[in-house]
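Just below is one structure, and these are the notes that go with it.
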Amino acid sequence: MRMRKKKNCSQRMENCGALWVREPEALRGKWHELFGNGNPVHIEIGCGKGQFLTELAAQNPDVNYVGIDVVPDVLVLALEKAVRRGNGNLRFMIGDAARLLEYFAQGEAERIYLNFSDPWKKNKQAKRRLTHQNFLQLYKRLLKNGDWIYFKTDNRPLFEFSLNSFAAANFKMQNITLDLHHSNYEGNIMTEYEARFVEQGLPIYRLEATYLGWE
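If you count the sequence shown from 1, position 2 lands on 2 in UniProt numbering, and the numbers rise without skipping.
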């Protein structure tokens, strides 16, 4: 579903300027300087309206979070939500997942969240899926040895594709569930999409993956 254009989007983003990173390329290797501390940096690729990340940042003040989305009309809602919440350990940027290594130095992030990414259902679109091999190779360079990717989706074919993709890339997986909200997993934070799907009674698929190839 295409996001409706937001009225005065540019000005509204400017109004949230303290949390909006306009030139992420200039911060490559320097994100700790932006946050003013040495806390770990976690990123969400495709942060949407920001419900997940603003709550996560509020619960974990000793972690720095960066939300990335390619759509300004979505990102402005996340920015405004974070400003209202007063999240000092949270920043947002407009960016493309394919350019992650232009925004972050190797090993600069310690966790990646992929929540309800576009499934790109057609086979010819597989390379656009954020769990495709091409993206997993980027994540290996972005993360340090033993760091984690947390992945959630409502799309069963995408989840199965992702299981195979992580395995083929020599990631170790744990906490795999085919029905998150009827599992014993604790501490889950729902996104806007997730809340809607759960209300409809749809299962949520989840896994955690880490790469140990440098050991």
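The beta-carbon is built from N, C-alpha and C at its ideal position, and this holds for glycine as well.
No experiment lies behind these values; they were computed from the predicted model shown.
7 Å CB neighbourhood of residue i in its chain, flanking five on each side removed
i	result
L79	M13, C16, L19, W20, F92
H181	V198, I204
Contacting residues, own chain, Cβ-Cβ under 8 Å from residue i (five flanking each side not counted)
i	result
T54	A78, K81, A82, R85, N87, L90
Q137	A169
L163	M173, I176, L207
Q133	S165, A168, A169
Reduced DSSP secondary structure (H/G/I, E/B, other) of residue i
i	result
L212	coil
K140	helix
R91	strand
residue 243	Nothing can be reported for residue 243, as the shown portion of the chain is limited to 1 through 215.
residue 219	In the structure as shown, the chain starts at 1 and stops at 215, and residue 219 therefore has no counterpart that could be examined.
S183	coil
Reference residue i; option with closest CA among the options
i	options	result
I189	W31, E23, G50, G29	G50
T191	D154, N39, W31, E102	D154
N64	G201, G213, Q11, L34	L34
L202	K152, A209, L130	K152
I68	P24, P157, K140, N123	P24
L212	A26, F135, F104, D147	D147
A126	E108, F116, F161, V66	F161
P119	L158, G29, R22	L158
I94	G48, K5, R129, S183	G48
For residue i, the first and last residue of its enclosing beta strand (DSSP E)
i	result
Q200	Premise fails: Q200 is in no beta strand (DSSP E) and is neither H nor E.
E44	41-45
E110	109-115
G67	64-69
Cβ shell of residue i (< 6 Å), same chain only, five flanking positions each side left out
i	result
N37	none
L100	L138, L142
C9	P72, D73, V76
L56	I189
Run of the alpha helix (DSSP H) containing residue i, from where it starts to where it stops
i	result
H32	31-35
Y103	100-103
Residues bridged to residue i [DSSP beta-bridge criterion]
i	result
R84	Answer is none; R84 lacks a bridge partner.
T153	Y205
G17	BP columns for G17 are empty, so no partner.
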